[in-house]
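These notes concern the structure reproduced below.
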Amino acid sequence: MDFLMFFLKLAEWLIYQLLANSCYKAAMKVKNHGFFLLKNHPSHKSPHHQPPLFPTITKCSLNKDQETLVCDIQNTLLLNSTSFFPYFMLVAFEGGSILRAFVLLLSYPFLLLLDHESALKVMIFITFCGLKMKDMKNVGRAVLPKFYLENLNLKVYEMFASATSYGIKVLIFTRVPRVMVEGFCKEYLSVDDVMGTELHTIGGFFSGFVSSSGVLVKHKAVKEWFGNERKPDVGIGTYGLHDQLFISQCKEGYVVTKEDGKLTPRDKYPKPLVFHDGRLAFFPTPLATVCMFLWFPVGVLLAVIRLSVGIFLPYHMARIAGGLTGVNITIQGCDYSWENKKKNNNKNNNNNNNNNKQTKTGVLFVCTHRTLLDPVFLTMTIGKPLTAVTYSLSKMSEMISPIKTVRLTRDRKQDGETMHELLSEGDLVVCPEGTTCREPYLLRFSSLFAELTDEIVPVAMNTNVTMFYGTTASGLKCLDPIYFLMNPRPGYHVQVLGKLSKELTCNAGGKSSHDVANYIQKKLGDALGFECTNFTRKDKYLMLAGNQGIVEDYGKSKKTSSVVGILF
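Mapped onto mature numbering (1 follows the signal peptide of the UniProt record, and there is no 0), the consecutive letters of the sequence shown carry residue numbers -20 to -1, 1 to 548.
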């Protein structure tokens, strides 16, 4: 009986604390916010009192006489950012671990019961507690910019660009952690300075707590920045309470409405999005993240099945079985008339020169480089064994590879000799970009392949993923094939183009190797609708990982690249 009474009192206390208290706070917030919004909303008209109204951003016109523009990043510069939870999830998953991301997801229902500041502090603690500052820097440089660009408000970005052209100083004031947005704002938007919530650090790690200054309050931060005698010329915000207080500190205030919410198209990005890193291929909203975690064990099992199909079944059967497991392979342009002519010519030459043994020359397939599985899918498409040249391929990838792989050394002369020997034994596949690229761009082609043979067949390859990327610049590269095959319906597009004409090759046509490489790059770019660039592997790793893709190889004194891919 005493136990029952204790249980009832405990239940009563919980109901009061979790429901009554939270409902009271929520009601007061709605009352206060609703009253403020009604007072300031343009649709509210009172015959007795007309409060000051802030016009929409469409009526903002900057000029050279103005000096400063202030703005927030949440709900203004970025659309679909009422909650910053997806961006915290990106940091937790890509910079931390899948376990940290899972804990953050479990906390989401409780975050809904908290006020905005408390919820922000909880997300900061779960996301950053014990996280290396170096890892956050990598995520801020290589992962977050892609998602920021995809949610960039076109109208606000145009205002930023206009301000920069007039020499107006652009400042960002935001409640979110400064380390999450500063790199993007300064590198892509040319923002002069970013003021956000500062995080406490200990010896190169985040403690998970905000600094002693607490969560940034925008209107107070503006006062501290400009002082009592100055005001920013232009402020951009929303109809929210905090934003109204924020832009009221400015000489001119403008609001961003839902009607102004238009995403920035790719061709109008501040900078081309050529490189980015991370495993997640989707914007991790709470619902999408739940689906990902529910799919994860199924995806692992499915990846193992798909790998087994590729390893143990013949090529044609593997392609059919792969399709049954959800792998969508699109094949285009497989014409082997040139292959039959080559066999007939070799047969006639052998009959006419019984005493002079002729050297066979294999076909060199030159592919675009999307994932580590490019040569595997090409092999299944053609239905005949190919050899792939690689560089610093992981032992795991070599073990599970269903085709022959040969390592190169990056010594041009030695690698040329190795590839000549391989071509004399059969057909060879190379990816001259030297590293993978996820976006619709082609990196600069290395010219070594063009010097090896005149038997060149360009192959345009592209992939489609919806959940996980099968490439990484800073993660475990041995898991690249696993992550790609974990997608519900991964897609591979293989388009075998016509054999390169003899007059366009080096030996028979007298072309330079650079001209041949550039021609094939353009031909493959046109076939895929991709843009050709001069970016190289070095450019990619300097941007994404802060290095040149060069690490000390254990057990060797010389330096070798850690890049996993099909090179030259």
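Virtual Cβ for every residue (Gly too), placed ideally from N, Cα, C.
Closest by C-alpha distance to residue i, when choosing among the options
i: R246; options: M360, N131, K518; result: N131
i: V356; options: P294, T415, R392; result: P294
i: P468; options: D173, H296, G303, T265; result: G303
i: F73; options: L422, V289, D257, A283; result: D257
i: I362; options: S404, F164, D395, I309; result: I309
i: D519; options: L423, V496, F510; result: L423
i: A143; options: R121, G163, S170, M160; result: S170
i: A81; options: N208, G396, T416, T269; result: T269
i: A497; options: C486, D506, F206; result: C486
i: E97; options: E209, S63, G478; result: S63
i: F206; options: H180, G147, V50, Y371; result: V50
i: G176; options: G163, R158, C165; result: R158
i: M523; options: L85, L111, R121, F90; result: R121
i: K113; options: E178, Y249, F273, P252; result: Strictly speaking, residue 113 in this sequence is Met, with Lys absent from that position. Among E178, Y249, F273, P252, the Cα nearest to that of M113 is on E178.
i: E419; options: G450, T433, V437; result: G450
i: F429; options: S454, T452, F448, L403; result: L403
i: I462; options: L287, F425, F292, K375; result: L287
i: M379; options: S454, L459, G406; result: L459
i: Y146; options: Q46, V83, S61; result: Q46
i: E511; options: E397, S481, L253, I148; result: L253
i: L86; options: D213, P266, T38; result: P266
i: G396; options: S481, D173, T433; result: T433
i: I148; options: G163, E162, D172; result: D172
i: F68; options: L111, I37, S427, Y168; result: L111
Burial state of residue i, where buried means 16 or more other Cβ atoms lie within 10 Å
i: W514; result: Note that residue 514 is Asn in the sequence shown, not Trp. By the neighbour-count rule (16 or more Cβ atoms within 10 Å), N514 is not buried but exposed.
i: N43; result: exposed
i: P35; result: exposed
i: N118; result: buried
i: G75; result: buried
i: E401; result: exposed
i: K457; result: buried
i: G194; result: exposed
i: P89; result: exposed
i: P277; result: exposed
i: A283; result: buried
i: H28; result: For H28, the predicted structure reports a pLDDT of 44, less than 50, and the residue's modelled location is therefore unreliable. The matter cannot be settled from this model.
i: E413; result: buried
i: C165; result: buried
i: L358; result: buried
i: K479; result: buried
i: L33; result: exposed
i: G14; result: Here the model assigns G14 a pLDDT of 45, short of 50, so the residue's position is not dependable, and the following value carries that caveat. Exposed is the call here.
i: F292; result: exposed
i: K126; result: buried
i: C411; result: buried
i: I182; result: exposed
i: N12; result: Below a pLDDT of 50, predicted positions are generally treated as unreliable, and N12, at 47, falls in that range; no measurement from the model is reported.
i: C347; result: buried
i: L79; result: exposed
i: Q229; result: buried
i: S41; result: exposed
i: E204; result: exposed
i: A488; result: exposed
i: L100; result: buried
i: G233; result: buried
Cβ distance (whole Å) where residue i is taken to contact residue j below 8 Å
i: G290; j: P365; result: Not confirmed; about 13 Å, so no contact.
i: T416; j: H349; result: 5 Å
i: L477; j: P438; result: 5 Å
i: S191; j: H180; result: 5 Å
i: Q501; j: F448; result: Not confirmed; about 28 Å, so no contact.
i: T351; j: F464; result: 6 Å
i: V123; j: L70; result: 6 Å
i: Y371; j: L344; result: Actually they are not in contact, since the Cβ atoms of Y371 and L344 sit about 17 Å apart, beyond 8 Å.
i: A440; j: L508; result: 5 Å
Contact test: residue i Cβ vs the ligand COA heavy atom, cutoff 7 Å
i: P212; result: The model on display carries no ligand, and the ligand COA is accordingly not part of it.
Residue-level contact to chain D via CB, residue i, 8 Å cutoff
i: I148; result: Included in the structure is just one protein chain, with no chain D present.
- Item | Completely contained alpha helix (DSSP H) runs for the stretch 135 to 215, where each covers 4 or more residues | 158 to 169, 198 to 206
- Message: Report the start-end ranges of each beta strand (DSSP E) in the stretch 468 to 504 that is 3 residues or longer and not cut off at the edges.
- Response: Counting whole runs of 3 or more residues, the stretch 468 to 504 contains the beta strand (DSSP E) stretches 471 to 476.
- Message: With three or more C-beta pairs closer than 8 Å as the rule, is the stretch 209 to 221 touching the stretch 44 to 56?
- Response: yes
- Message: Extract the residue ranges of the beta strand (DSSP E) inside the stretch 210 to 268, only unbroken runs of 3 or more that lie entirely within it.
- Response: 214 to 217, 232 to 235
- Contact the stretch 99 to 115 vs the stretch 176 to 192: 3+ CB pairs below 8 Å: yes
- What are the uninterrupted segments assigned as alpha helix (DSSP H) that are 4 or more residues long and contained completely in the stretch 333 to 378, given in chain order? 354 to 362
- Query: Within the chosen definition, does the stretch 236 to 250 reach the stretch 129 to 145 through at least 3 CB pairs nearer than 8 Å?
  - Reply: yes
- Can you list, in chain order, the stretches of the alpha helix (DSSP H) that have 4 or more residues and sit fully within the stretch 263 to 297? As far as the stretch 263 to 297 is concerned, its whole alpha helix (DSSP H) runs of at least 4 residues are 266 to 292.
- Cβ contact (3+ pairs, closer than 8 Å) linking the stretch 249 to 265 and the stretch 147 to 162: no
- Between the stretch 432 to 451 and the stretch 463 to 479, do at least 3 Cβ pairs fall closer than 8 Å? Segments in contact, yes.
- Can you list, in chain order, the stretches of the alpha helix (DSSP H) that have 4 or more residues and sit fully within the stretch 39 to 123? 65 to 70, 78 to 91, 96 to 108, 113 to 122
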